[in-house]
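To keep things clear, I will list the structure first and then write my remarks on it.
In my numbering, the protein residues as written are 44 to 133.
Set out below in structure tokens:
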């Protein structure tokens, strides 16, 4: 359960970082714009328009892509943290 919590926390943090970065760079994020997804979920039309992923797979596909990417990043980062914690017990 501890491992799952660490992996989900890492996934959430990486997604949050991507949203903040996409918000700061605005419409320049053309391939996949997480801030546009947040705007669509809040019922607004994104200023950045549709990303390349949204054009190919739609808004739902774009959301699934972002979630999959960040779950994978969370798994990798969380595994590294758990490995480090296992090698450096308190």
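No residue lacks a Cβ here, since even glycine has one placed at the ideal position from N, Cα and C. Treat the numbers as computed from the prediction; the structure is a model and nothing was measured.
Out of 126, 87, 48 and 81, the CA that lies nearest to the CA of residue 109 is found in 81. Sequence-distant Cβ neighbours of residue 72 in its own chain, meaning closer than 6 Å and more than five residues away, are 65.
Distance from the CA of residue 88 to the CA of residue 78, rounded to the nearest whole angstrom, comes to 11 Å. Within the same chain, Cβ atoms closer than 8 Å to the Cβ of residue 94 are found at 72, 73, 74, 75, 76, 79 and 105, the five residues on either side in sequence being excluded. DSSP places residue 74 outside both helix and strand once states are collapsed to three, so it counts as coil.
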